[in-house]
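Protein chains in written order, with my numbering: chain S, 4 to 139; chain B, 3 to 196. Beta carbons are placed, not taken as given, at the ideal position from N, Cα and C, and that holds for glycine. Report on one structure; see the data block that follows.
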């Protein structure tokens, strides 16, 4: 007995279908196709999707990366300005007492010099214990 | 078996690719090409015109949304795979409204009459000859697993390898189901003629 392969079986089925298939197709064709409403909905969806594909869109990852870069840039700039201002303020505060002290110091030494010239400087009368012993 | 559709100048895959690149007329051509075979398969599987229309629309919506991802060799097999998956989902969500075993309803209207398009005018409606009507009734009486294979071959013109791949069954199982379907149809039609 000859063994029937799937290829033989397919050929046999297709031979049998030659008579039956046209009638089945004819039957379904007579039932009609989908309604125009359905076909219109398909066409509209196709146009909508094609239009949305045509619009230039940024992928989410790129948007997040851009937002992170911007935040980093703004944060960095703000930090730089803040540190600059803080530096200036610290410098200003540090300079003020030094200048005042300098003025005080120069005035006191000038007064002391004038007193010395006039022989009125009494600083010499007040000596420490160590200085006194040497003087004696 | 000869294909019912004329050999296209542009392949289905090329049309789908053209659509993926923005040519919407390419999709119109694809819908035209598969309107009748796909709708007939859905009508044969659901035995309900409204359900077949909803599924037909949803199948094409899926094709439209996933056109860029299509990498299969056969568009036809891909299309029927989508259709079958949607049919399975649809069946899970809803109970059948018409028993396929009932070839006539309570008012004695044959199933084929109920499935016919209601919007077509009298001039568009083609009357089924007796033989075609009997064949249709017999097809609708086939068990579902046999009917889906039979209609995939006859309406969709899928090869048996494509049918087996679409249904995730071995080739021999697909051939066996087809063989059984053909046997039943021949027997019923012969009985009717007698």
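| What does residue 29/B reach in chain S if we use C-beta pairs closer than 7 Å? | 49
| Straight-line CA distance for residue 164/B to residue 79/B? | 6 Å
| Just to confirm, are residue 147/B and residue 27/S a CB contact at a threshold of 8 Å? | no
| task | Kindly indicate which residue of 133/B, 31/B and 193/B has the alpha-carbon position closest to the one of residue 11/B. | result | 31/B
| message | I want to know whether the stretch 28-38 of chain S touches the stretch 36-51 of chain B - three or more CB-CB distances under 8 Å. | response | yes
| In three-state DSSP terms, what is residue 49/B? | coil
| message | Cβ closer than 8 Å: which chain B residues qualify as neighbours of residue 37/S? | response | 37, 41, 54, 55, 58 and 59
| query | What did DSSP end up calling residue 2/B once you bin it into helix, strand or coil? | reply | Any property of residue 2/B remains undetermined from this structure, which presents chain B solely from 3 to 196.
| Measuring from the CB of residue 20/S, is there a heavy atom of the ligand FAD at a distance below 7 Å? | Among the components modelled here there is no ligand, and therefore nothing to report on the ligand FAD.
| request: Name, please, each residue of chain B whose Cβ falls closer than 8 Å to the Cβ of residue 66/S. | output: By Cβ distance, chain B contributes nothing, its closest Cβ being about 21 Å from residue 66/S, past 8 Å.
| request: Could you tell me whether the Cβ atoms of residue 176/B and residue 162/B are closer together than 8 Å? | output: yes
| field | Whole-angstrom distance between residue 80/S and residue 92/S, CA atom to CA atom | value | 18 Å
| request: For the alpha helix (DSSP H) containing residue 95/B, list its first residue and its last residue. | output: 77-95
| field | Backbone CA spacing between residue 88/S and residue 78/S [nearest angstrom] | value | 15 Å
| Using Cβ-Cβ distances below 8 Å, what residues of the stretch 15-27 of chain S are close to chain B? | 16, 17, 19, 20, 21, 23, 24, 26 and 27
| query | DSSP three-state call for residue 15/S: helix, strand or coil? | reply | helix
| task | Can you pull the chain B residues whose beta carbon is under 7 Å from the beta carbon of residue 56/S, in chain order? | result | 24
| Three-state secondary structure (DSSP) at residue 161/B? | coil
| request: Give the secondary structure of residue 182/B by DSSP, where H, G and I count as helix, E and B as strand, and everything else as coil. | output: helix
| task | Report the neighbours of residue 62/S on chain B: residues whose CB is nearer than 7 Å to its CB, in chain order. | result | Neighbours of residue 62/S on chain B: none; closest Cβ ~14 Å, over 7 Å.
| What does a CB cutoff of less than 7 Å around residue 41/S pick up in its chain, not counting 5 residues either side in sequence? | none
| request: Just tell me which of 166/B, 180/B and 60/B has its CA closest to the CA of residue 92/B. | output: 60/B
| query | If we ignore side chains and look at the alpha-carbon of each, how far apart do residue 203/B and residue 62/S end up? | reply | The first residue shown for chain B is 3 and the last is 196, placing residue 203/B beyond what the model contains.
| task | Output, in chain order, the set of chain S residues within a Cβ distance shorter than 7 Å of residue 2/B. | result | It is not possible to answer for residue 2/B, since the shown part of chain B is limited to 3 through 196.
| request: For residue 74/S, count neighbouring Cβ atoms within 10 angstroms of its own Cβ and tell me buried if that reaches 16, exposed if not. | output: exposed
| task | Could you tell me the distance, in whole angstroms, from the CA atom of residue 8/S to the CA atom of residue 166/B? | result | 16 Å
| request: Reducing DSSP to helix, strand and coil, say where residue 198/B ends up. | output: The structure shown has nothing for residue 198/B, since chain B only spans 3 to 196.
| request: Compute the Euclidean distance between the alpha carbons of residue 132/B and residue 156/B, then round it to the nearest angstrom. | output: 20 Å
| said: Which residues of the stretch 174-186 of chain B have a Cβ closer than 8 Å to any Cβ of chain S? Give them in chain order. | reply: 174, 177, 180, 181 and 184
| message | For residue 132/B, report the span of its alpha helix (DSSP H) as first-last. | response | 132-143
| request: Look up residue 10/S in the DSSP assignment and say whether it is helix, strand or coil. | output: helix
| said: Against chain S, with Cβ distances strictly below 8 Å, would residue 162/B count as a contact? | reply: yes
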